[in-house]
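Q: This structure is in structure tokens; I'll ask about it shortly.
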Amino acid sequence: MSFKVYQINPELKDVMPQEIIDLEEKSTLNNPKRGVMDLPFYKELIEEHSLCAGCPEAAALRYIMASLPNPEDTIIVNSTGCTSLVFPHIAMHTVHSLFGNQNAVASGIKRVLEYRYPDRVKDVVVLAGDGATVDIGLDCTLQSFFRQEKITTICFDNEVYANTGGQESGMTPKGHVFKMAPKGKQFEKVPMWQLAIDSGCKYVARLTVSSPKRVESVIKKAVYVARYLGPTYVHLYTPCILEIGLNSDQGLEEMRARDKERFEFFEYITPEAQEVIDRVKAEGLL
Amino acid sequence: MSNLTTSEVKVNKSGQRIVSPDYLLFEAPREKFFMTGSEAVKEAVKRASVDASVSYPITPQSEAAHLIGELWVEGYVGVYFRGESEFGVMSEVAGCAMAGARTITTTSGPGTLRAFENFPMWAGTRIPVQLVLMARGVNSPLSIQPDNLEVGFLLDTGCMIWYAENAQDLFDMILAGFVVAEKPAVHVPVITVVDGFFVSHTREAIMIPPDDIALPPYDPTKAPMPVIDLEVPPGRFLRDPFVMKSNYISYATHASWQFEVRAAIERSRPYAKHYLRGLIEEFGNPEAEIVFVAAGTAASQAKEAVRLLKDEEGIEAKVVKLKTLRPFPYEELRASVKNAKYIFVPEFNVVGWMEREITKWLYGYSNATIIGAPRVAGGMTMPAEVIVKEVLNYVKES
Chain A
4 MSFKVYQINP
14 ELKDVMPQEI
24 IDLEEKSTLN
34 NPKRGVMDLP
44 FYKELIEEHS
54 LCAGCPEAAA
64 LRYIMASLPN
74 PEDTIIVNST
84 GCTSLVFPHI
94 AMHTVHSLFG
104 NQNAVASGIK
114 RVLEYRYPDR
124 VKDVVVLAGD
134 GATVDIGLDC
144 TLQSFFRQEK
154 ITTICFDNEV
164 YANTGGQESG
174 MTPKGHVFKM
184 APKGKQFEKV
194 PMWQLAIDSG
204 CKYVARLTVS
214 SPKRVESVIK
224 KAVYVARYLG
234 PTYVHLYTPC
244 ILEIGLNSDQ
254 GLEEMRARDK
264 ERFEFFEYIT
274 PEAQEVIDRV
284 KAEGLL
Chain B
117 MSNLTTSEVK
127 VNKSGQRIVS
137 PDYLLFEAPR
147 EKFFMTGSEA
157 VKEAVKRASV
167 DASVSYPITP
177 QSEAAHLIGE
187 LWVEGYVGVY
197 FRGESEFGVM
207 SEVAGCAMAG
217 ARTITTTSGP
227 GTLRAFENFP
237 MWAGTRIPVQ
247 LVLMARGVNS
257 PLSIQPDNLE
267 VGFLLDTGCM
277 IWYAENAQDL
287 FDMILAGFVV
297 AEKPAVHVPV
307 ITVVDGFFVS
317 HTREAIMIPP
327 DDIALPPYDP
337 TKAPMPVIDL
347 EVPPGRFLRD
357 PFVMKSNYIS
367 YATHASWQFE
377 VRAAIERSRP
387 YAKHYLRGLI
397 EEFGNPEAEI
407 VFVAAGTAAS
417 QAKEAVRLLK
427 DEEGIEAKVV
437 KLKTLRPFPY
447 EELRASVKNA
457 KYIFVPEFNV
467 VGWMEREITK
477 WLYGYSNATI
487 IGAPRVAGGM
497 TMPAEVIVKE
507 VLNYVKES
């Protein structure tokens, strides 16, 4: 896109809100080397947020927004849930359409953009919760993998339907008691990262957001591999501290604990994806 | 309006000469062909500079969807693939349209219901997607036969609903549908309904213009909502009025957005009137006291009944065929039934949604008795003789 669209008319500058002026003067746009280390010094693409205090999801969103290599030419397709509350605060093109259809909408957008702008890079990223990705939207999620859509799918797994008040989800570990599972969940947590591998994703990662640098590395790899090859999937643990009874300063602690067990860092890279990653690394972008 | 006089000949991505909608619909020479409704869909799409289409199999619309796929192979459609289900398909076409594509898809019966959550979303997102709906019965019990119950469900989704009577209507309505739906003042989806099998699978004579001319391509920059193609500044907005905060401003925003979608449909009236040559069509004696109000093939059968009543019983009657249901042509309807004593509403479903519509819009405007008959469903046909019998029974009784 033309960066002129970010330029504020000088005559109107005195009435523009500071955060809009910052987007022009202190942004990391048009710089594929941007990353989480820029966070303290530059204008973020997320302006405040409406999540609970200390929500790890908010941290995850900030790291992702800071890591996208090409935010000025990236569309984020979102779904319903806690994440959707944040999207009105993001200075990027975002789409919310229905609960669970995010990968279908993203498929349509990506294909039309490739048709309308064959010589331009326009990344499409899906960002949705575990209910949207794995339960209600599993069909659309997996089918977009089968079709080899060139989109990155990021799942924020908090292991519960948090926005609706704490109901069991397919990603809840077996035995955990939540609403709608008053006797504890009766079946195992869905191995979504494995389903993504089996469904044809070229790059799959599972991690918590305890390490910003690791999130940056994973997001960049996922976006580049999707851009050049096919579907990629990133599974992030973003615990709902509210629903598991933690205080607002305990999210990081919780994620670090899970780093050692069911969210131990796991990465799957096909040989062709590795080639893309090596190439991007050689260009100094990773 | 025709740009034939301009010295520069403009072509679309398929290499077809771009002509004005008026030229394509009204002025271009037409040749007679013998084809099914499904083939008429293909011919219309071929001349519509369509960017994208997503398909899914369901009888009786599958053939139309196959034929759009053939157009993709031939280079007349930019993006085409088979989606995973109608729910997925309607979301995929939404994505296509958000990204700035002129988009068409087709479905039928249970597929419509599977996809349903998408239709109000389309309208609220203000995308001018066209859905060609080849109406069919819905489960249970399973039926693949013609029945238009699903149309009654669609009436309040915020989409324009047009109803084609035959293959000719369908061809013209698909072209007009894009033109009207994409007007910046309108910019809502259009659902072009046709009765499954009766039209989709029946071969009839149809007049069509040459295939080396086409509609002007869709210009998404004229849309009332910013196109999601990253060529305009990113705003802090979602593609729908995402205002699920618990305060009165958000409630009012959501309500006014819904009113605006309906107002957009109302603003389509003058365009639809022009490109459809009126929102209704009258057949028979204009002064008749017996009036049939119908859409689709129910109108065709009512026309036959008008002929039979006149020729065999000496009874004058007329048909008011509704071409659009959303917007509903209430002014035209009220004027056309001013002499009516009996208004019969023949329709292909068990609930009589058309009768409900007619009764609502004529309340306080007509003293005629409104009779929701004959009514057939589940694939049953509606012979003209059945309509005549219904009329004779009623008229004799009263």
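Chains A and B, in that order, are what the protein sequence lines are. One rule links them: number in this note's numbering = place in the first sequence (from 1) + 3. One rule links them: number in this note's numbering = place in the second sequence (from 1) + 116. Each residue gets a CB set at the ideal place from its N, CA and C atoms; glycine is no exception.
Across which residues does DSSP place residue 247 of chain B in a beta bridge pair?
A: Note: residue 247 of chain B sits in a beta bridge opposite B/221, B/307.
Q: In chain order, what residues of the same chain lie with their CB nearer than 8 Å to the CB of residue 94 of chain A, ignoring the 5 residues before and after it?
A: Excluding sequence neighbours, residue 94 of chain A sits near 26, 48, 49, 50.
Q: When you compare the CB of residue 498 of chain B with every CB in chain A, is at least one pair closer than 8 Å?
A: It does not: the Cβ of residue 498 of chain B has no partner Cβ on chain A nearer than 8 Å.
Q: Can you tell me the Cα-Cα spacing of residue 381 of chain B and residue 319 of chain B, whole angstroms?
A: Whole-angstrom Cα-Cα distance: 32 Å.
Q: Counting contacts by CB-CB distance shorter than 8 Å, is residue 261 of chain A in contact with chain B?
A: No, its Cβ sits nowhere closer than 8 Å to a Cβ of chain B.
Q: Scan the region 223-254 of chain A for residues whose Cβ lies nearer than 9 Å to a Cβ of chain B and list them as they occur along the chain.
A: Flagged: no residues at all.
Q: Assuming contact is defined by CB atoms lying nearer than 8 Å, are residue 485 of chain B and residue 458 of chain B in contact in what I supplied?
A: For residue 485 of chain B and residue 458 of chain B, yes; Cβs fall inside 8 Å.
Q: To the nearest angstrom, how far is it from the Cα of residue 161 of chain B to the Cα of residue 322 of chain B?
A: Cα to Cα, residue 161 of chain B sits roughly 15 Å from residue 322 of chain B.
Q: Under a CB-based cut-off of 8 Å, is residue 131 of chain B close to chain A?
A: False, the Cβ-Cβ gap to chain A never drops below 8 Å.
Q: Reducing DSSP to helix, strand and coil, say where residue 509 of chain B ends up.
A: Helix.
Q: Starting from the C-beta of residue 471 of chain B, find all residues in its chain whose C-beta is less than 6 Å away, skip the five residues before and the five after it, and write them out in chain order.
A: Hits under 6 Å: 461, 488.
Q: If we ignore side chains and look at the alpha-carbon of each, how far apart do residue 199 of chain A and residue 232 of chain A end up?
A: Approximately 15 Å between the Cα atoms of the pair.
Q: Residue 465 of chain B: buried (16+ other C-beta within 10 angstroms of its C-beta) or exposed?
A: Buried: at least 16 other Cβ atoms inside 10 Å.
Q: Listed from N- to C-terminal order along the chain, which residues in the region 228-257 of chain B have their beta-carbon within a distance smaller than 8 Å of any beta-carbon of chain A?
A: Listed in sequence order: 233, 234, 237, 241.
Q: Does residue 214 of chain A come within less than 8 Å of chain B when only Cβ atoms are used?
A: By this cut-off, residue 214 of chain A is not an interface position.
Q: Put residue 231 of chain A into one of helix, strand or coil per three-state DSSP.
A: Of the three classes helix, strand and coil, the one that applies to residue 231 of chain A here is helix, per DSSP.
Q: Quick one: is residue 110 of chain A near chain B, going by C-beta distance under 8 Å?
A: Interface residue, yes.
Q: Determine, using beta carbons only, whether residue 154 of chain A and residue 229 of chain A come nearer to each other than 8 Å.
A: Result yes, Cβ atoms of residue 154 of chain A and residue 229 of chain A sit closer than 8 Å.
Q: Which residues in the same chain have their Cβ closer than 6 Å to the Cβ of residue 29 of chain A, if we skip the five residues on either side of it in sequence?
A: For residue 29 of chain A, where only same-chain residues beyond five positions count, the Cβ hits under 6 Å are 45, 46.
Q: Quick check on the DSSP output: what are the complete alpha helix (DSSP H) runs of length 4 or more inside the region 99-149 of chain A, in order along the chain?
A: Taking only runs of at least 4 residues, the alpha helix (DSSP H) segments lying wholly in the region 99-149 of chain A are 105-119, 141-149.
Q: Cutting at 7 Å between CB atoms, please list the residues of its own chain near residue 24 of chain A, excluding the five before and the five after it.
A: 11, 16.
Q: I need the straight-line Cα distance from residue 268 of chain B to residue 371 of chain B, nearest angstrom please.
A: Approximately 23 Å between the Cα atoms of the pair.
Q: When you compare each of B/468, B/253, B/313, B/223 to residue 413 of chain B by their alpha carbons, which one comes out closest?
A: The shortest C-alpha separation from residue 413 of chain B is found at B/313.
Q: Could you work out which residue in B/227, B/190, B/294 is closest to residue 171 of chain B when comparing CA atoms only?
A: Here the closest residue by C-alpha is B/227.
Q: In its own chain, which residues sit with a C-beta less than 6 Å from the C-beta of residue 167 of chain B, not counting the 5 before and 5 after it?
A: Excluding residues within five positions, the ones whose Cβ falls inside 6 Å are 194, 217, 218.
Q: Going by DSSP, which residues form a beta bridge with residue 151 of chain B?
A: DSSP output for residue 151 of chain B lists B/320 as bridge partner(s).
Q: Pick from B/416, B/448, B/140: whose alpha carbon is nearest that of residue 315 of chain B?
A: The shortest Cα separation from residue 315 of chain B among B/416, B/448, B/140 belongs to B/416.
Q: What residue does the beta strand (DSSP E) around residue 144 of chain B start on, and which one ends it?
A: Residue 144 of chain B -> no beta strand (DSSP E), and no H or E assigned at all.
Q: Taking 7 Å as the limit between beta carbons, can you name the residues of its chain near residue 202 of chain A, skipping five residues before and five after?
A: Excluding positions up to five away in sequence, the list reads 145, 148, 149.
Q: Could you give the first and the last residue of the continuous beta strand (DSSP E) run that contains residue 486 of chain B?
A: That run of the beta strand (DSSP E) goes 485-487.
Q: Take the Cβ of residue 216 of chain A as the centre, count every other Cβ of all protein chains shown within 10 Å, and call the residue buried at 16 or more, exposed below.
A: Exposed, since its Cβ has fewer than 16 Cβ neighbours within 10 Å.
Q: According to DSSP, what are the bridge partners of residue 170 of chain A?
A: Paired residue(s): A/164, A/182.
Q: I want to see whether chain A comes within less than 8 Å of residue 194 of chain B, judged by CB atoms only; does it?
A: Chain A contact via Cβ: present.
Q: Decide yes or no for the touch test of the region 248-265 of chain B against the region 488-498 of chain B: beta carbon pairs closer than 8 Å, at least 3 of them.
A: Judged by Cβ distances under 8 Å, the region 248-265 of chain B makes contact with the region 488-498 of chain B, as three or more pairs qualify.
Q: Who are the neighbours of residue 146 of chain A on chain B, taking C-beta pairs under 7 Å?
A: Under the 7 Å cutoff, chain B gives 200, 204.
Q: Identify, in the order they occur along the chain, each residue of the same chain with its Cβ nearer than 8 Å to the Cβ of residue 146 of chain B, setting aside the five sequence neighbours on each side.
A: Around residue 146 of chain B: 323, 324, 325.
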